[in-house]
Amino acid sequence: MTSTALKAALDDSIPKSGDGSFRLAGERRYAWDRQGVDLGFSQGRIVIDAKVHANLSMPVGSLDFPLDLHVVAEPVINTEYQVKLQSTEVKVSSTDRRLVAADYVGGVYATISTQINDKLKSFSYDLSPLVKEAHARIAKPAEFPVGDAHGCAELDVLGIEAGPTVIADGIEKDIALIVAPSVSIPCSASTKAKAVPALANVATITPGPFTVTVPIAAQYSELQKAMGQVFTDGKYYFAPEYPGLYLENPELYESQGKLVLKLHIAGPIHKLGIDTDLNGDLFLSGHPTVVDNEVAILDLEPTIETSNLLLSIKAMKDGDTIRDQARAALRLDVGQRLRALREQLSTELTFGVSNGCFQGAVDKVEVTGVHTHGTYLRVYVAVTGRASASMPCPAGTLPANPPVASK
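Residue numbers for the sequence shown, in full-length UniProt numbering: 1 to 407.
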């Protein structure tokens, strides 16, 4: 929150005029009005100064004189995202010696101080519109295609923490969101708006860029579909020595942390002393990884049983062909899913509301792990980025990004 915004808010909050009564040879009236405030900072507190003009009704005529208003206070943000002032010290003084008697008799200084102090205690600058909008955008599920369905990566905001207040030509705070990432297939995230957690002020928060690890998913059926591109009319004739021998029905499944590719093999073999019709299954296995935004199985190899079968029919060379073709075909581009995460924490997290702007930026998107599950792959993506809020918006930077918190 810049000093300009804070100064304007304080100037609106502190009474610009007031009146009251005091006793001096009977009941007397006084009135006062102030000029604009000057804002300064000292030792973690804000300092407010203003010039005040006062008029006292005297037994004979009236008395005009200047007053000096001096306020010292500590700004804090409460659990409801309101900037408040605590430990306020209000001092009203004057160098005009004519007021000494009036102050002594009627307590004009104390009365004016009390009026201003009461207003400062009720001072509030509402940050919740900006926080609620940011919360809604972060919690909004990031949708991505998963074959013929749609999956969702979601960041469930469990808590929001704020570090100590830094006074530096305004108010600065480091804010941390505690999130629980999850992925669902099909997208099952609730569309009902979730309540913003209460702010928790803590002793320390690590500043700088954030890193959040978010899971995305890919179904085995997507890889199977990619493998199907090798086949012609559902069959793949892989052995020139056995022109009638073919593979069909590719199927992927998980076994002991590996992906297993099952292929049905069928066809006649009448060569090199072999006279039979094959009808069985071949198996290749390997570990999934992500290279250049593509899921691949670079270490895919035939199992021992499959290698023995190919050896028995003198087709080991053709087995290498099957392996190489499968490695090349079993690739799935997850770039669109990664882009959805990038946009969720950059473009979607850049917006403006009535009293401020929020800007998100993603510096790096990195795949940190790929894990097999029953029917799908879970890909863990580490997103490193930065986010900042400014009140008010820097000149000319109000983003044209419609709000979602009220939807």
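All residues carry an ideal CB built from backbone N, CA and C; glycine is no exception.
Do residue 413 and Gln325 have their CB atoms nearer than 8 angstroms?
As shown, the chain starts at 1 and ends at 407. That puts residue 413 outside it, with no answer to give.
What's the gap between the Cα of Ile77 and the Cα of Gly61?
The residue given as residue 77 occupies position 77 in the sequence shown. The residue given as residue 61 occupies position 61 in the sequence shown. Their Cα atoms are separated by approximately 48 angstroms.
Go through the region 186-233 residue by residue and report every complete run of the beta strand (DSSP E) that reaches 3 residues or more, in order.
The qualifying runs are 199-201 and 210-219.
Report the residue from Arg331, Pro240 and Val47 whose alpha carbon sits nearest the alpha carbon of Ala226.
The count along the sequence shown starts at 1 and reaches residue 226 at position 226. Among Arg331, Pro240 and Val47, the Cα nearest to that of Ala226 belongs to Arg331.
DSSP state of Val105, grouped into three classes?
Indexing the sequence shown from 1 puts residue 105 at position 105. The pLDDT assigned to Val105 is 47, lower than 50, so where the model puts this residue is not dependable; a value taken from the coordinates is nonetheless given after this. Reduced to three states, the DSSP call for Val105 is helix.
Grab me the residues of Glu248's own chain with a C-beta within less than 6 angstroms of its C-beta, minus the 5 sequence neighbours each way, in chain order.
Here residue 248 corresponds to residue number 248 of the sequence shown, with the count starting at 1. Cβ within range, chain order: Gly234, Lys235 and His264.
When you measure from the CB of Asp320 to every non-hydrogen atom of the ligand FMN, does any distance come out below 7 angstroms?
The model on display carries no ligand, and the ligand FMN is accordingly not part of it.
Could you have a look at Lys91 and say whether DSSP puts it in helix, strand or coil?
Along the sequence shown, read from residue 1 onward, the residue named residue 91 stands at position 91. Looking at Lys91 - three-state DSSP - the assignment turns out to be strand.
List in chain order: all unbroken alpha helix (DSSP H) runs of 4+ residues lying wholly within the region 282-342.
For the region 282-342, whole alpha helix (DSSP H) runs of length 4 or above, ordered along the chain, are 304-312 and 316-329.
Pro75 lies in the beta strand (DSSP E); which residues open and close that run?
Along the sequence shown, one-based indexing puts residue 75 at 75. Taken as a continuous stretch (DSSP letters only), the beta strand (DSSP E) holding Pro75 covers Ser62 to Ile77.
Could you compute how far the alpha carbon of Arg97 sits from the alpha carbon of Met58?
One-based indexing of the sequence shown puts residue 97 at position 97. One-based indexing of the sequence shown puts residue 58 at position 58. In a straight line, the C-alpha of Arg97 is about 15 angstroms away from that of Met58.
Determine contact between the region 15-29 and the region 38-50, defined as no fewer than three beta-carbon pairs at a distance below 8 angstroms.
Contact fails: fewer than three Cβ-Cβ distances are below 8 angstroms.
Give a yes or no on whether the C-beta atoms belonging to Val52 and Leu63 are separated by under 8 angstroms.
What you label residue 52 is simply residue 52 of the sequence shown in a count that begins at 1. What you label residue 63 is simply residue 63 of the sequence shown in a count that begins at 1. For Val52 and Leu63, no; Cβs fall outside 8 angstroms.
Taking Ser3 as the reference, which of Ala395, Glu172 and Ser221 has the closest Cα?
Position 3 of the sequence shown holds residue 3. Taking only the C-alpha atoms, the option nearest Ser3 is Glu172.
Could you have a look at Asn117 and say whether DSSP puts it in helix, strand or coil?
Along the sequence shown, read from residue 1 onward, the residue named residue 117 stands at position 117. Helix at Asn117.
Looking at the secondary structure, which residues open and close the beta strand (DSSP E) in which Lys51 lies?
One-based indexing of the sequence shown puts residue 51 at position 51. Lys51 -> beta strand (DSSP E) spans Arg45 to Ser57.
Roughly how many angstroms separate the alpha carbons of Val183 and Leu341, rounded to a whole number?
By 1-based counting over the sequence shown, the position of residue 183 is 183. By 1-based counting over the sequence shown, the position of residue 341 is 341. The straight-line gap from Cα to Cα measures roughly 12 angstroms.
To the nearest angstrom, report how far apart residue 410 and Gln115 are at their CA atoms.
The structure shown does not extend to residue 410, since the chain spans only 1 to 407, so no value can be given for it.
Going by beta carbon distance, what residues of the same chain come within less than 8 angstroms of Pro302, once the five residues before and after it are set aside?
Here residue 302 refers to the residue found at position 302 when the sequence shown is read from its first residue. Closer than 8 angstroms at Cβ, skipping near neighbours: Leu282, Phe283, Leu284, Leu310, Gly319, Ile322 and Arg323.
For Ala9, which of helix, strand or coil comes out of DSSP?
Against the sequence shown, residue 9 aligns to sequence position 9. Here Ala9 sits in helix by DSSP.
Grab me the residues of Gln86's own chain with a C-beta within less than 6 angstroms of its C-beta, minus the 5 sequence neighbours each way, in chain order.
For the purposes of this step, residue 86 is taken as the residue at position 86 of the sequence shown. Glu74 and Val76.
Taking only three categories from DSSP, how would you classify Gln82?
In the sequence shown, counting from the first residue as 1, residue 82 sits at position 82. Residue state, collapsed to three classes: strand.
Is DSSP giving Pro392 helix, strand or coil here?
Position 392 of the sequence shown, counting from 1, holds the residue named residue 392. Coil.
Roughly how far, in whole angstroms, is the beta-carbon of Leu252 from the beta-carbon of Ala266, given that I think they are within contact range, below 8 angstroms?
Reading the sequence shown from its first residue, position 252 is the one you call residue 252. Reading the sequence shown from its first residue, position 266 is the one you call residue 266. No, Leu252 and Ala266 are not in contact; Cβ-Cβ is about 19 angstroms, not under 8 angstroms.
Near Ser388, what residues of its chain come up, given a Cβ to Cβ distance below 7 angstroms and the 5 sequence neighbours on each side ignored?
In the sequence shown, the residue the question calls residue 388 occupies position 388. The answer, listed in chain order, is Gln359.
According to DSSP, is Pro129 part of a helix, a strand, or is it coil?
In the sequence shown, counting from the first residue as 1, residue 129 sits at position 129. Looking at Pro129 - three-state DSSP - the assignment turns out to be helix.
Can you tell me where the beta strand (DSSP E) with Val183 in it begins and where it stops?
Translated into the one-based positions of the sequence shown, residue 183 becomes position 183. Here the beta strand (DSSP E) through Val183 covers Ile175 to Ser184.
Could you tell me the distance, in whole angstroms, from the CA atom of Gly374 to the CA atom of Glu222?
In the sequence shown, the residue the question calls residue 374 occupies position 374. In the sequence shown, the residue the question calls residue 222 occupies position 222. One C-alpha to the other measures close to 14 angstroms.
Got a sec? Which residues, its chain only, sit under 6 angstroms from Pro175 by beta carbon, not counting five neighbours each side?
Locating residue 175 in the sequence shown gives position 175, where the first residue counts as 1. In the sequence under discussion, the amino acid at residue 175 is Ile, which differs from the Pro named in the question. Cβ within range, chain order: Ala162.
Can you pull the DSSP bridge partners for Gly280?
What you label residue 280 is simply residue 280 of the sequence shown in a count that begins at 1. Bridge partners of Gly280: Ile265.
Roughly how many angstroms lie between the CA atoms of Leu259 and Asp292, to the nearest whole one?
Translated into positions along the sequence shown, residue 259 becomes position 259. Translated into positions along the sequence shown, residue 292 becomes position 292. Cα to Cα, Leu259 sits roughly 20 angstroms from Asp292.
Quick one: what does DSSP say Ile14 is sitting in, helix, strand or coil?
Reading the sequence shown from its first residue, position 14 is the one you call residue 14. Ile14 falls in the coil class under three-state DSSP.
Given a threshold of 16 other Cβ atoms within 10 Å of its Cβ, counted over all protein chains shown, does Glu27 qualify as buried or as exposed?
Along the sequence shown, one-based indexing puts residue 27 at 27. Glu27 is exposed by the Cβ-count criterion.
Over what stretch of residues does the beta strand (DSSP E) that includes Pro141 continue unbroken?
Numbered from its first residue, the sequence shown carries residue 141 at position 141. It is not in any beta strand (DSSP E) - Pro141 carries neither H nor E in the DSSP assignment.
Does Thr347 come out as helix, strand or coil in the three-state DSSP assignment?
In the sequence shown, counting from the first residue as 1, residue 347 sits at position 347. Note: Thr347 maps to coil in three-state DSSP.
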